[in-house]
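Below is one structure, written out as structure tokens; comments come after it.
Residue numbers (the UniProt record's numbering): 1 to 810.
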């Protein structure tokens with residue numbers, strides 16, 4: 001078509017020649033190790049993991065699908081294997097302050113042993129203590145103490161009785177204690193008889209009674225002292241007996257854990273507490289209770305205090321721990337204190353303290369998704385507090401913000417040494433860096449993962465190794481050379497560049513899986529190019545419903561876009577509709593009208609608030625271009641309106657600014673524009689065409705319209721020449737170009753583009769500053785000169801004074 005330069009067929013795709021691979025199938029290829037095409041991110045990760053200083057945690061940033069999380073997990077696990085296994089952590093009862101459990105650290109594996117030793121101790125105590133107290137020696141010593149007490153008491157009472165008899169009284173025991181009754185002639189007298197005695201006799205009896213009462217009080221004091229002494233002896237006997245049963249068991253543990261001061265202090269407290277609560281271990285107590293099942297529960301509750309809450313068990317850990325928390329809520333990170341309902345009340349103890357991800361990752365690595373951490377209440381602030389204080393405090397969220405009034409525990413904080421790796425979107429990284437000062441302090445390493453890599457021989461081999469490793473790991477059929485080459489071409493299409501490969505390996509893996517499935521359905525032994533192509537085609541078909549609806553509307557004329565003929569002031573622009581999982585090109589009619597006025601270029605979308613800032617900027621550039629090119633010697637007296645016809649959503653971007661300018665120039669020059677040629681590309685004030693995105697989808701979108709309307713051999717697309725490397729077109733479009741049915745024109749300037757669209761040369765100024773007659777620029781210049789002349793004439797008529805008649809005063 002014409003003599004305009006076109007893009008050669010060989011530059012329309014990212015063809016990969018299977019012959020460049022030295023293998024027949026991927027079974028001969030060594031599986032991939034490490035990361036492909038992410039040198040910057042890999043260097044940052046390796047440095048960040050080796051840097052042990054405070055604050056050098058890592059934020060891995062990049063778009064979804066680049067394999068960041070999988071790579072991080074693999075790399076960290078390799079490094080962690082070479083590092084020491086961190087300590088176990090336990091919580092034990094605090095006998096002095098029960099609401100403040102004590103944290104104890106032990107070498108890996110010893111926490112589990114310590115917990116088992118304490119359970120065994122309690123079991124032994126429940127046997128040994130009853131046995132000691134049920135022994136003959138204990139009964140004999142206790143009986144001797146009781147007998148001695150009873151003998152001393154009897155002697156004291158006998159002395160008191162004799163003293164009473166000597167004074168004419170008899171001593172009797174009642175439920176209220178001992179009373180003295182007077183005797184007359186050896187007989188007890190009643191109260192009535194006492195009252196009938198003469199005054200002198202009664203006074204004598206009262207005097208002797210007072211003596212007896214004093215003696216009685218003295219005797220009772222002596223009896224109480226003897227009783228106290230007996231109780232002390234019995235208590236001492238019980239303590240000695242208990243110590244005999246407990247001491248050697250505790251001593252064994254002290255010897256075993258002699259190198260751990262906190263354990264020794266705890267064992268001392270345990271021994272002291274057991275000796276103070278021997279009744280809970282002695283046999284026969286259950287029978288004394290009316291509700292033995294209740295006493296059993298009470299006993300079990302009591303014995304809980306001697307248990308060990310093994311919070312973190314690293315007994316089976318090899319190297320430093322690597323924890324990836326997929327649901328980083330506050331409690332999943334920080335740990336929690338659980339409660340039980342007992343008789344309608346919420347109760348807890350140190351055994352209800354549960355570890356969080358930070359506890360499990362202590363001494364190692366913690367991988368988190370930044371978005372998930374920020375989405376959970378208080379989780380982000382809690383994580384920063386841990387990194388700042390270097391300790392973990394287990395607290396209920398309600399108590400932190402003052403919503404829970406019930407009593408709770410305040411466990412001793414645990415010191416922490418952990419490397420946190422956050423994974424998140426680049427936008428999230430920049431927001432945190434800009435607005436959260438703590439983020440800058442605690443995440444000093446940025447590992448930035450790219451979405452593409454150069455298409456070098458080395459990276460092509462790496463891509464083959466990736467296919468090989470995926471096939472082996474997932475049990476897929478091997479790929480032959482043509483299949484790998486098709487995967488490379490698909491990777492280039494994802495990258496939208498002929499010389500780059502996409503690193504969005506999740507999407508590449510999906511095609512590999514689906515190609516394997518299609519090969520299986522066709523009973524093929526290996527996966528080849530046709531299977532990969534079929535997988536891509538079917539993947540598109542599953543998602544392109546709205547694209548087909550658009551084509552249907554174009555076919556039926558509901559969307560008015562022509563692919564033939566020529567129209568003044570009308571250009572086919574191209575845009576991309578992105579549905580998330582699929583994007584496609586959409587042709588749009590752009591119209592321009594020009595007329596006399598001073599308003600300049602009016603953007604109808606802007607006036608109706610249906611355009612974004614970037615699009616508005618692109619339209620305003622058009623006025624700058626027109627003024628610089630055509631209004632150096634005359635005023636720019638122009639009014640023009642631009643419109644995206646049948647557009648019902650906001651328009652953003654400047655990729656249609658060149659198409660808008662072509663429509664304006666066509667309207668001014670009154671030259672028709674070929675409707676079989678669509679346009680994409682932005683423009684600057686110098687008239688230079690600038691590259692845009694989505695050029696492949698745009699071309700394929702207009703090609704689909706031309707197919708619907710009928711290919712004439714005159715149709716094509718004008719693109720910025722800088723976008724040639726971004727062409728990764730479908731086989732159908734390439735074949736149409738090869739047969740001369742479709743054309744792709746790369747342009748550098750507006751003049752090149754308008755000449756293709758109109759078939760008329762743009763024209764360049766001669767030495768006198770004039771454009772050649774009949775050229776586009778000449779016609780535009782003439783129209784603007786015409787507008788200027790009219791405006792000057794109108795202005796002169798307004799300024800010419802009108803005659804004024806003198807009038808006589810009335």
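All C-beta atoms in this analysis are idealised placements derived from N, C-alpha and C, irrespective of residue type, glycine included.
**Prompt:** Per DSSP, residue 446 is paired with what?
**Reply:** 59
**Item:** Nearest-angstrom beta carbon gap, residue 642 and residue 660 [assumed within contact, 8 Å]
**Value:** 5 Å
**Request:** Inspect the beta-carbon positions of residue 141 and residue 226 and report whether they are closer than 8 Å.
**Result:** no
**Asked** Do the segment 542 to 559 and the segment 518 to 527 touch if we need at least three Cβ pairs shorter than 8 Å?
**Response** no
**Asked** For residue 719 versus residue 680, is the C-beta distance shorter than 8 Å?
**Response** yes
**Counterpart residues of residue 755 in DSSP-defined beta bridges** = DSSP lists no partner for residue 755.
**Message:** On the DSSP bridge list, what partners appear for residue 743?
**Reply:** 716
**Prompt:** Considering residue 340, what are the terminal residues of the beta strand (DSSP E) in which it resides?
**Reply:** 340 to 342
**Item:** Residue range of the unbroken beta strand (DSSP E) whose run includes residue 578
**Value:** 570 to 578
**Message:** Going by DSSP in three states, residue 308 sits in which element: helix, strand or coil?
**Reply:** coil
**Asked** How big is the Cα-Cα spacing for residue 165 and residue 230?
**Response** 29 Å
**Asked** Alpha carbon to alpha carbon, what distance is there between residue 341 and residue 117?
**Response** 29 Å
**Prompt:** Shortest alpha-carbon distance to residue 771 belongs to which of 669, 795, 793?
**Reply:** 669
**C-beta contact flag for residue 266 and residue 122 at 8 Å** = no
**Request:** Determine the burial state of residue 531: buried for a count of at least 16 other Cβ atoms within 10 Å of its Cβ, exposed for fewer.
**Result:** buried
**Message:** Once DSSP output is grouped into helix, strand and coil, what is the label at residue 792?
**Reply:** helix
**Prompt:** Is the beta carbon of residue 677 less than 8 Å from the beta carbon of residue 716?
**Reply:** yes
**Request:** Could you tell me the boundaries of the alpha helix (DSSP H) in which residue 47 lies?
**Result:** 39 to 50
**Anticipated Cβ contact below 8 Å, residue 9 with residue 455, distance rounded** = The pair is not a contact, with the Cβ atoms about 19 Å apart (cut-off 8 Å).
**Asked** In chain order, what residues of the same chain lie with their CB nearer than 6 Å to the CB of residue 468, ignoring the 5 residues before and after it?
**Response** 26, 29, 31
**Asked** On the premise that residue 777 lies in contact with residue 65, defined as a C-beta separation below 8 Å, what is that separation, rounded to the nearest angstrom?
**Response** Not really, about 48 Å apart at Cβ, beyond 8 Å.
**Prompt:** Taking Cβ to Cβ, would you say residue 171 is nearer than 8 Å to residue 160?
**Reply:** yes
**Asked** So what does DSSP say about residue 506, is it helix, strand or coil?
**Response** helix
**Item:** Proximal residues to residue 169 (C-beta, below 8 Å), its chain only, five neighbours per side dropped
**Value:** 180, 181, 182, 183, 208, 209, 212
**Request:** Consult DSSP for residue 16 and reduce its assignment to one of helix, strand or coil.
**Result:** coil
**Request:** Give every residue of the same chain whose Cβ lies closer than 6 Å to the Cβ of residue 14, excluding the five residues on either side of it in the sequence, and list them in chain order.
**Result:** 489, 492, 498, 728
**Request:** Look at the alpha carbon of residue 338 and the alpha carbon of residue 579, and state the distance between them as a whole number of angstroms.
**Result:** 46 Å
**Message:** Just to check my reading of the structure: residue 107 and residue 363 have Cβ atoms closer than 8 Å, yes? What is that Cβ distance to the nearest angstrom?
**Reply:** That belief does not hold up - the Cβ atoms of residue 107 and residue 363 are roughly 12 Å apart, past 8 Å.
**Message:** Is the separation between the beta-carbon of residue 453 and that of residue 500 shorter than 8 Å?
**Reply:** yes
**Beta-carbon proximity list for residue 308, same chain, < 7 Å, skipping 5 on both sides** = 90, 92, 114, 115, 118
**residue 153 (DSSP reduced to helix, strand or coil)** = helix
**Prompt:** Looking only at its own chain, which residues have a Cβ that is under 6 Å from the Cβ of residue 63, when we skip the five neighbours before and after it?
**Reply:** 451
**Prompt:** Terminal residues of the continuous beta strand (DSSP E) containing residue 325?
**Reply:** 322 to 325
**Message:** I'd like the span of the beta strand (DSSP E) that includes residue 585, first residue to last.
**Reply:** 583 to 595
**Message:** What does the alpha-carbon distance come out to for the pair residue 604 and residue 593?
**Reply:** With a pLDDT of only 45 at residue 604, under 50, the local geometry of the prediction cannot be trusted, and the value read off the model is given with reservation. Distance between the alpha carbons of residue 604 and residue 593: 11 Å.
**Prompt:** So who's on the other strand from residue 672, going by DSSP bridges?
**Reply:** 568
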